[in-house]
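In my numbering, the protein residues as written are 2 to 878.
All C-beta atoms, glycine included, are put in the ideal place defined by N, C-alpha and C.
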């Protein structure tokens, strides 16, 4: 067995399968593109689902990839076990309806045992198969030559995620030797058992069934192969180290943490856990931020915030009490740049985001500790020696406190924490997270109708909006048909089509298809599995037949408006990068005839000044009448030109480059104007956040921009008319009115004060002396509680040993306030109790401090009677 670095293992795996006819699929971003069923890309097959369920037919049915992945269902185990990670790489080879079990098994065995490749000792490899999968069993035994005692049948060897492709699987195990277990009386010491000796290194899934919606299983029209090999685990075996964390993927990070902390890895189990947690979590966070996710309180952002805070908490066990995680980003970039240059390229931005988040948490940490101390004191004061699971979970969920930390602080204070209650709260949260995604299909049941249509359909719509062509395939209710009638909703393919299929944010064209005998209204166009344009339409009149010659016509006005918006999105994208920074990436878009929507990643708000600058730049480029040039280029040449690729899109060897002079260069398959002046005008309608680290701009161009401006102009004209002014003078007029309004407010306040003073004089004249207490109970004319409170305060300054109750009727409600002077505050008179007594007589209630209290009631007819009762109340105390 060769000693290989992780980078060499990855490269060797890809090279092996490319030598055997596989095409390499690039590693997709961790943030899923157009897949709401996933929070993160969590496996090598996650980005290939469209091939497995037949929605898209790949150019080459043999695929190999190395896919970065995130799984967060076992965060609490990370650092405590040898192989749990939140970020990992999955190496996989796939067959979409091409080879099946025999070649998959042969390829895996050859790669693992051939001296040219990994070169494992064959005697150290064992396999598991499903009990009913005799075919796989026989291939391992007869074709590969593995002895029967090293082929274990396990009931759990069946891969199934619900609806869609499923099937038995076969796992390959490596025997790490007696150092990791030699007690064969242990019932778990076998390949597939819970032990450290026999390590699973590769899983081969044989997708041969459709799991149908009614939970029956039927044979797949096309059988598939899906395999997965964890790079971290394979590296630990080849590098002969006890855990994944001891490989060259993690040790450079751990060494950096040693320098920051002054502690040594490998000397203390508790501290080793902290080293591992930090090394794992910084990889996850750095890669996720590089792929467009940002810390927040929801979704992906919440996961990142939780991971960072968990790492910071464990860092305290190493004596690190300052922001430091951001300093590890360059190390992650160095370790991974052989295959993933993005972390290195976005290093400064990733560091900035992480540092900001760390600083924020260090501030929050003190607040969380204060709350924890309050919870503990509350528990002790009530005679309870247990902190509730709900309180412990709130600290964990809101402030990032691991349960163990809460438990440790509680123990020091002499109380316990309800672990069962905490676990229940945690499970409830997991259920809520699962439920939020239950209604979204992960993979579709495989259908072969569209996949079996191989007739070519040529798109000519970049240059032509109409053409004579022929219907080459006609479908109704998902099945191929020869005819369709008036009123039917149909799908069809054309030999040549001018209709653009929805792609890259640009919506599909609309229009009509006509012949001598029928008219069809085209509603939508999408790409079929083999790449043809699949038109969805309604038969307006006549009967449609397959193979009919037709005239296809795109609605030219809708297309003309759409292309203005599409080119404008390119100008906007570049302007955003210019004003906000190069970290801005497109995160989604809508390009239609009515408007454009552009979603982009950005950390922070966009100011009014920045937005105005962005809008101005786009309009300057429009008015400069810059030619738009479209070329087909090899992808390498396009990248050398500086062409921007859309985040998460996959491109072939030859790409379409859309250049707006030398200002904007993007890879794009959409439709565009010939020169920027065609757009006419660009106007931003709105801008705001739509999620963690993602913002959205809505804008209009051309005649829609003109209409928007005219609408605003009409509002301005109407406002000017109301102000008896003209639009040009409206600012001066409004400023003058504001000054006038402030003067009137001051005058009103002065008059109110005089009125209040007059009322105070009248109230003081009604004072009654009960023993040595002065009692004032009166109805007053005020509009709100603030005025009532102010009158109480002023009266308290004018009497000694006073009990004061005032009431007012405003908007059919009763307002009440009571005050007790300082010299009576600690005696028998309590303002809260007094005001509650009065309020109860008017159908209300209230309360407050001993010296000042407020109340509200409903029955104003009882107000005078209730106020009069104050005198009897004081006499009775």
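Are the beta-carbon atoms of residue i and residue j separated by less than 8 Å?
| i | j | result |
| --- | --- | --- |
| residue 334 | residue 602 | no |
| residue 644 | residue 666 | yes |
| residue 484 | residue 544 | yes |
| residue 572 | residue 539 | no |
| residue 280 | residue 255 | yes |
| residue 807 | residue 789 | yes |
| residue 835 | residue 818 | no |
| residue 325 | residue 277 | no |
| residue 839 | residue 870 | yes |
| residue 414 | residue 377 | yes |
| residue 623 | residue 662 | no |
Throw me the rounded Cβ distance for the residue i and residue j pair, which I believe falls under 8 Å.
| i | j | result |
| --- | --- | --- |
| residue 774 | residue 768 | 10 Å between Cβ atoms; not a contact. |
| residue 193 | residue 207 | 17 Å between Cβ atoms; not a contact. |
| residue 557 | residue 451 | About 29 Å separates the two Cβ atoms, so there is no contact after all. |
| residue 318 | residue 265 | Between residue 265 and residue 318 the Cβ distance is about 13 Å, and since that is not below 8 Å, they are no contact. |
| residue 514 | residue 474 | Not quite, the Cβ-Cβ distance comes to about 14 Å (not below 8 Å), so this is no contact. |
| residue 96 | residue 137 | At roughly 15 Å, the Cβ-Cβ gap does not stay under 8 Å, so residue 96 and residue 137 are not in contact. |
| residue 629 | residue 659 | 7 Å |
| residue 239 | residue 5 | 5 Å |
| residue 196 | residue 183 | About 11 Å; that fails the 8 Å criterion. |
| residue 615 | residue 577 | 6 Å |
According to DSSP, is residue i part of a helix, a strand, or is it coil?
| i | result |
| --- | --- |
| residue 372 | helix |
| residue 439 | For residue 439, the predicted model reports a pLDDT of 41, less than 50, meaning its position is unreliable; a value from the coordinates is still stated below. In this structure, residue 439 counts as coil in the three-state DSSP scheme. |
| residue 314 | helix |
| residue 715 | helix |
| residue 339 | coil |
| residue 642 | coil |
| residue 589 | strand |
| residue 331 | helix |
| residue 392 | helix |
| residue 444 | Because the pLDDT at residue 444 is just 48, under 50, the model does not fix this residue reliably, and the point stays unresolved. |
| residue 825 | helix |
| residue 726 | coil |
| residue 784 | coil |
| residue 284 | helix |
| residue 38 | coil |
| residue 12 | helix |
| residue 306 | helix |
| residue 101 | coil |
| residue 484 | strand |
| residue 224 | strand |
| residue 383 | coil |
Nearest CA to the CA of residue i: which residue from the options?
| i | options | result |
| --- | --- | --- |
| residue 169 | 176, 177 and 160 | 160 |
| residue 496 | 465, 503, 508 and 548 | 548 |
| residue 352 | 309, 825, 375 and 451 | 309 |
| residue 494 | 23, 68, 530 and 253 | 530 |
| residue 42 | 348, 72 and 412 | 72 |
| residue 690 | 365, 722 and 608 | 608 |
| residue 780 | 760, 796, 625 and 15 | 760 |
| residue 63 | 237, 99 and 307 | 99 |
| residue 696 | 581, 718, 92 and 728 | 581 |
| residue 418 | 150, 430, 381 and 143 | 381 |
| residue 166 | 53, 592, 69 and 702 | 53 |
| residue 201 | 857, 209, 216 and 232 | 232 |
For residue i, count neighbouring C-beta atoms within 10 Å of its own C-beta (all shown protein chains included) and say buried if the count is 16 or more, exposed if not.
| i | result |
| --- | --- |
| residue 428 | exposed |
| residue 296 | buried |
| residue 89 | buried |
| residue 359 | buried |
| residue 122 | exposed |
| residue 218 | exposed |
| residue 148 | exposed |
| residue 439 | Any reading at residue 439 must be qualified, since the residue scores a pLDDT of 41, below 50, and its modelled position is unreliable; the value itself is stated next. Label assigned to residue 439: exposed. |
| residue 673 | buried |
| residue 508 | buried |
| residue 831 | buried |
| residue 822 | buried |
| residue 625 | exposed |
| residue 37 | exposed |
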